[in-house]
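Data block below; observations after.
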Amino acid sequence: AQKVTQAQTEISVVEKEDVTLDCVYETRDTTYYLFWYKQPPSGELVFLIRRNSFDEQNEISGRYSWNFQKSTSSFNFTITASQVVDSAVYFCALTLGDDKIIFGKGTRLHILP
Amino acid sequence: DAGVIQSPRHEVTEMGQEVTLRCKPISGHNSLFWYRQTMMRGLELLIYFNNNVPIDDSGMPEDRFSAKMPNASFSTLKIQPSEPRDSAVYFCASSLARLIPSEQYFGPGTRLTVT
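One line per chain: the protein sequences are V and G, in this order.
The first sequence lines up with residues 5 to 117 when you count with our numbering.
The second sequence lines up with residues 103 to 217 when you count with our numbering.
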């Protein structure tokens, strides 16, 4: 079965701390894509990153970084030096084939000033 | 460029009434998705279209739900008759479908409350 698990329902950290959001997936496909989306308090989901199953290089974009490990079926997301504006719900997602994607339940991140 | 536009942003209706949610995808995008978000079930894909044709409606809860895409720039999701358990935030998203799965761009959502 295709599945995305975000075991951390809610995380609170103090501003400037680093925080890692976990994502574990299950798929029977050999080629697949993983995504991260951010849903700030305003409600709209914002695309952050897409990664294909053949590219295990870590990706860094400013304070954001992603660690993809096929061996453990994980695609974790780290925010370095967190800021209050990072407070949001973060979703990990996996392709189901065609253009369909399945979302995890999300991790609600609170950055405390 | 304008993003995905949804209307209305909020809808409060009484049980049994018909509800129509509207979506305008990003110009040039050829895939459109309708999602429902609730605390209990998270984000669920209801239906998606490619080039205005429904491709997969397996997520549509029951016959009370229907969706149309009469042209590339407009789609509707209709619930008739509505029930309190339909209360949720409904998102529309669009993408440019290519050989590889594309990122989806989401609208602001419609918060539906059925009393």
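Where is the CB? At the ideal position from N, CA and C, for every residue including glycine.
For this session: Would you decide whether VAL106/G is buried or exposed? Buried here means 16 or more other CB atoms lie within 10 Å of its CB.
Result: Counting from 1 along the second sequence, the entry for residue 106/G is found at position 4. Per the 10 Å Cβ criterion, buried.
Exercise. Would you say PRO163/G faces chain V, with C-beta separation under 7 Å as the test?
Worked result: Position 61 of the second sequence, counting from 1, holds the residue named residue 163/G. No, because no Cβ of chain V sits closer than 7 Å to the Cβ of PRO163/G.
Problem set entry | Proximal residues to SER57/V (C-beta, below 6 Å), its chain only, five neighbours per side dropped | Taking the first residue of the first sequence as position 1, residue 57/V is located at position 53. So the list reads THR35 and TYR36, once near-sequence residues are dropped.
Exercise. For SER196/G, which residues does DSSP report across the bridge?
Worked result: Indexing the second sequence from 1 puts residue 196/G at position 94. According to DSSP, which records beta bridges pairwise, SER196/G is partnered with LEU134/G and TYR207/G.
Problem set entry | Whole-angstrom C-beta distance between ASN80/V and THR24/V, which should lie under 8 Å | On the first sequence, residue 24/V is found 20 positions in, with the first residue counted as 1. On the first sequence, residue 80/V is found 76 positions in, with the first residue counted as 1. So it is a contact: roughly 6 Å between Cβ atoms.
Exercise. Touch check for the segment 114-133 of chain G and the segment 35-52 of chain V: three-plus C-beta pairs under 8 Å?
Worked result: no
Exercise. Which of the three DSSP states, helix, strand or coil, is assigned to SER160/G?
Worked result: Your numbering for residue 160/G matches position 58 in the second sequence. If DSSP states are grouped into helix, strand and coil, SER160/G belongs with coil.
Problem set entry | Inside the segment 23-83 of chain V only - alpha helix (DSSP H) runs reaching at least 4 residues | none
Problem set entry | VAL18/V vs LEU116/V beta-carbon contact at 7 Å | As a position in the first sequence, residue 18/V is number 14, starting the count at 1. As a position in the first sequence, residue 116/V is number 112, starting the count at 1. For VAL18/V and LEU116/V, yes; Cβs fall inside 7 Å.
Problem set entry | Member of LYS42/V, VAL50/V, VAL93/V and GLY66/V whose CA lies at the smallest distance from the CA of HIS114/V | Position 110 of the first sequence, counted from the first residue, corresponds to residue 114/V. Selected option, being the one with the closest Cα: VAL93/V.
Exercise. If we count the other Cβ atoms within 10 Å of its Cβ and call it buried at 16 or more, is TYR10/V buried or exposed?
Worked result: Along the first sequence, read from residue 1 onward, the residue named residue 10/V stands at position 6. Sequence check: residue 10/V is Gln here, not Tyr. By the 10 Å Cβ count, GLN10/V comes out buried.
Problem set entry | Cutoff 7 Å: SER177/G Cβ touching any chain V Cβ | Looking up residue 177/G in the second sequence gives position 75. Taking Cβ atoms only, chain V never reaches closer than 7 Å to SER177/G, which makes this a no.
For this session: Taking all protein chains shown into account, decide if SER145/G is buried (16 or more other Cβ within 10 angstroms of its Cβ) or exposed.
Result: Taking the first residue of the second sequence as 1, we reach residue 145/G at position 43. Per the sequence shown, the amino acid found at residue 145/G is Leu instead of Ser. LEU145/G is buried by the Cβ-count criterion.
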